[in-house]
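In the working numbering, the protein residues as written are 2 to 134. Each residue gets a CB set at the ideal place from its N, CA and C atoms; glycine is no exception.
Here's what the structure looks like:
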């Protein structure tokens, strides 16, 4: 997984709820754990745009409800700083459900904008997105 060229703020803690922005059948997901991250001993791991997290589905179709899945965060309300100095923030917090840790999305369409930092790390998620900010 490539490094992100931005100063990402960790906006989400364990237990945060996110909207699901794809057509996988899930509507709302809750963060259980952060994958592929570094943490200080005895401190909770935070997550932000581009983080791979383990989520449980709280609302959605019966086929995906109450299941544990992987997801990548694509939008956050908390502003983060890019390398050129601009600050980016979105209207809501959203994620996309993944099939595997390689970054294969489960859905075929992403509703709403996606941060440019996602395209660097997960090109397959960027292919199905309609708007990139």
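By the CB criterion at 9 Å, residue 33 and residue 54 fall inside the cutoff. The shortest C-alpha to C-alpha distance from residue 29 to any of 87, 127, 124 and 70 is the one to 70. Taking C-alpha positions only, residue 36 is separated from residue 52 by approximately 8 Å. With contacts defined by Cβ atoms closer than 9 Å, residue 119 and residue 130 form a contacting pair.
Put simply, the stretch 13 to 26 touches the stretch 90 to 110. At least three CB pairs are less than 8 Å apart.
Here residue 97 is near residue 72, since their CB atoms are less than 9 Å apart.
The three-state secondary structure of residue 129, taken from DSSP, is coil. For residue 31, the enclosing beta strand (DSSP E) starts and ends at 27 to 36.
In its chain, beyond the 5 residues on either side, 58 have a beta carbon closer than 6 Å to the beta carbon of residue 66. Looking at the backbone, the Cα of residue 13 and that of residue 128 are separated by about 25 Å. Contact check for residue 76 against residue 47 fails: the beta carbons are separated by 9 Å or more.
Distance between residue 80 and residue 88, taken at the CA atoms: about 6 Å. Partner residues in the beta bridge of residue 81, as assigned by DSSP, are 89.
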